[in-house]
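These notes are about the structure you will find just below.
Number of protein chains: 2
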Amino acid sequence: MNSPHFSTKERILGAAEELFARNGFAGASLRELTSTAKVNLAAVNYHFGSKDNLVNEVFRRRLDELSAQRLEALQQVLSRPSHTLEDILAAFIHPALLLSLDKSGGSTFVRVLARAYAEHNERLRKFLSENYGHVLKEFANAFGAQLPHLDKEELYWRIDIIAGALTYAMADFGVIKRRASMSEKIHRERAAEHLIRFAAAGLRAE
Amino acid sequence: MNSPHFSTKERILGAAEELFARNGFAGASLRELTSTAKVNLAAVNYHFGSKDNLVNEVFRRRLDELSAQRLEALQQVLSRPSHTLEDILAAFIHPALLLSLDKSGGSTFVRVLARAYAEHNERLRKFLSENYGHVLKEFANAFGAQLPHLDKEELYWRIDIIAGALTYAMADFGVIKRRASMSEKIHRERAAEHLIRFAAAGLRAE
DNA sequence: ATACAATTCAAACGCCCGTTTGGTTCCTTC
DNA sequence: GAAGGAACCAAACGGGCGTTTGAATTGTAT
């Protein structure tokens with residue numbers, strides 16, 4: 074990673090993703106970051122304006138594609154004459170699974186995403202809501218069509234819980250180390266299956 | 074909170090819990106912390122030795138009681154002649170639910186716990202594993218007795234996922250704000266019910 | 001080759017960090 | 001009420017932080 078044929082901006086984004094995942098946003102310093110990326114200390118402020126905005130761009134790089142894949146999968150599901158709650162859930166969850174299995178930083182990014190949840194950072198929340206809130210809205214509409222009896226506020230809240238559980242499951246948290254013989258891919262796929270079943274039951278509850 | 078009749082150590086622990094939840098461990102400075110607790114800047118190092126150790130003590134204060142409650146509930150469940158997977162899960166989850174509903178900082182602490190998961194901090198992991206790993210082990214044994222066919226490594230891993238999902242659900246994460254009319258208590262209790270069903274299905278899978 | 005913009009760079013800015021120090025105050029215990 | 005240890009305090013330590021500056025370098029049109 075971060076080979077010389079990557080541009081300065083790309084090297085910074087790569088190093089940022091790695092260090093944000095490892096040390097958090099506050100815990101990752103621009104000095105360590107620029108040293109890892111093999112760029113000058115001032116390069117972050119030159120290319121991204123500020124550290125805060127660099128955080129935004131780290132998210133934008135991955136979430137643009139993730140959102141597009143989710144929406145495309147959703148369109149495909151909705152175009153089918155009879156689709157289930159599980160189909161919609163798969164359209165939401167599988168793109169995240171694919172991202173977490175990506176070899177060039179995707180799995181690192183999922184951990185950054187989990188950090189963002191834990192941060193409760195208002196500025197970051199606003200950025201994510203403004204730029205990717207419409208994806209949640211589209212899925213909420215799809216779920217709502219399947220669950221016409223469900224209160225809209227409650228529906229949004231449940232979708233939010235699903236997004237959180239998904240993030241957590243993909244981010245490899247926890248105390249126990251996975252043994253080397255079990256492939257990461259298989260484990261994550263299993264987690265995705267469990268999540269779909271859980272979320273479907275949760276949405277249908279009451 | 075932090076009234077004058079609380080000792081210096083207690084005021085520091087209270088402020089630490091609050092600021093760690095809001096700003097993270099790296100993001101919370103001792104200057105803001107001691108100012109909030111209305112104690113001298115040097116008090117943290119005097120009473121706790123270092124900021125790192127203060128983090129440990131914040132966890133110890135809550136986890137000692139949580140672990141005791143979990144183990145006691147587990148003993149009660151196991152003493153009953155016929156108990157289910159759901160019973161064991163409830164023994165694990167309900168004490169955490171009670172903690173999250175606690176009025177004097179418990180709900181704040183659950184957010185700190187979620188931070189700890191996101192941190193992936195090796196020092197903190199070691200502390201938690203050394204001091205509270207035996208609780209997970211007891212529950213693993215109980216689950217294992219109910220699921221004799223299940224691989225031990227896989228069992229531990231699944232328990233870990235359950236612990237993570239529980240933490241996430243209790244910590245009030247997510248983008249959507251809960252409307253004021255829905256009580257926090259009821260929502261959390263519902264989340265606990267969903268979790269128990271999910272975890273039981275997950276443990277029984279395969 | 002020249003002019004001009006984009007990029008890189010070393011150095012410095014002011015600020016806040018965790019920790020330590022040495023003196024003062026408070027509170028026991030005799 | 002004197003002695004002595006525990007607790008508190010203001011001040012300072014060295015160091016790392018994000019950001020800015022202005023000059024040097026590189027790239028790109030003419």
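The listed protein sequences derive, respectively, from chains Z and D. Under this note's numbering, the first residue of the first sequence carries the number 74, and numbering increases by one thereafter. Under this note's numbering, the first residue of the second sequence carries the number 74, and numbering increases by one thereafter. Heads up, the beta-carbon is just placed ideally off N, CA and C, and yes, glycines get one too.
Who are the near neighbours of residue i in its chain, counting only those whose CB is closer than 6 Å to its CB and skipping five residues on each side?
| i | result |
| --- | --- |
| Q219 of chain D | L158 |
| H207 of chain D | none |
| A264 of chain Z | A242 |
| F271 of chain D | none |
| I235 of chain D | A272 |
| H156 of chain D | V150 |
In chain order, what residues of the same chain have a beta carbon less than 8 Å from the beta carbon of residue i, not counting five sequence neighbours either side?
| i | result |
| --- | --- |
| L174 of chain Z | S180, E257, K258 and R261 |
| D160 of chain Z | V150 and R153 |
| L106 of chain D | I85, A88, A89, L92 and V117 |
Nearest to residue i by alpha carbon, out of the options?
| i | options | result |
| --- | --- | --- |
| L147 of chain D | D:F132, D:Y205, D:F216 and D:R196 | D:F216 |
| T109 of chain Z | Z:R84, Z:A115, Z:R133 and Z:S152 | Z:R84 |
| Y241 of chain D | D:L170, D:F121, D:H78 and D:G122 | D:L170 |
| R196 of chain D | D:S177, D:K124, D:M255 and D:I269 | D:K124 |
| N113 of chain Z | Z:I235, Z:G97, Z:P154 and Z:S80 | Z:S80 |
| H222 of chain D | D:A101, D:L276, D:R95 and D:M255 | D:L276 |
| L136 of chain Z | Z:I235, Z:P168, Z:A116 and Z:H193 | Z:P168 |
| D245 of chain D | D:H156, D:R188, D:V128 and D:L162 | D:R188 |
| E130 of chain Z | Z:F165, Z:F93, Z:L162 and Z:R270 | Z:F93 |
| F165 of chain D | D:A141, D:V128 and D:R134 | D:A141 |
| R134 of chain Z | Z:A116, Z:A101 and Z:L201 | Z:L201 |
| K82 of chain Z | Z:L228, Z:R263, Z:W230 and Z:A115 | Z:A115 |
| F132 of chain D | D:W230, D:Y205, D:R231 and D:I235 | D:Y205 |
| F98 of chain Z | Z:R184, Z:K111, Z:G178 and Z:A236 | Z:R184 |
| S254 of chain Z | D:E226, D:M255 and D:N96 | D:E226 |
| V128 of chain D | D:Y229, D:D233, D:F182 and D:H156 | D:F182 |
| N96 of chain D | Z:N96, Z:E192, Z:K111 and Z:R198 | Z:E192 |
In or out: residue i buried (at least 16 other Cβ within 10 Å) or exposed?
| i | result |
| --- | --- |
| Y119 of chain D | exposed |
| A273 of chain Z | buried |
| R104 of chain Z | exposed |
| E90 of chain D | buried |
| H267 of chain Z | buried |
| R153 of chain Z | exposed |
| G87 of chain Z | buried |
| G122 of chain Z | exposed |
| N194 of chain D | buried |
| E203 of chain D | exposed |
| A278 of chain Z | exposed |
Could you spell out where the alpha helix (DSSP H) holding residue i opens and where it closes?
| i | result |
| --- | --- |
| T81 of chain Z | T81 to G100 |
| H267 of chain Z | E257 to R277 |
| D175 of chain Z | Counting along the chain, D175 of chain Z falls outside any alpha helix (DSSP H), and DSSP gives it neither H nor E. |
| K225 of chain Z | K225 to M243 |
| G122 of chain D | No alpha helix (DSSP H) contains G122 of chain D, which DSSP labels as neither H nor E. |
| R153 of chain D | First-last for R153 of chain D: undefined, no H or E at that position. |
| A218 of chain Z | E195 to Q219 |
| L106 of chain D | L103 to A110 |
Leaving out the 5 sequence neighbours to the left and right, which residues in its chain are closer than 7 Å to residue i when beta-carbon positions are compared?
| i | result |
| --- | --- |
| E211 of chain Z | L144 and L147 |
| A163 of chain D | I269 |
| L239 of chain D | I166, A169 and L268 |
| S102 of chain Z | none |
| Y190 of chain D | G237 and T240 |
| R231 of chain Z | G275 and L276 |
| P77 of chain Z | Its pLDDT being 45, under 50, P77 of chain Z is placed unreliably by the model, and the measurement read from it follows with that caveat. None. |
| R209 of chain D | The sequence shown places Leu at residue 209 of chain D, not Arg. Excluding sequence neighbours, L209 of chain D sits near I232. |
| Y229 of chain Z | A213 |
Does the ligand NAP have a heavy atom nearer than 7 Å to the CB of residue i?
| i | result |
| --- | --- |
| R261 of chain D | Ligands are entirely absent from the displayed structure, and the ligand NAP is therefore not among its contents. |
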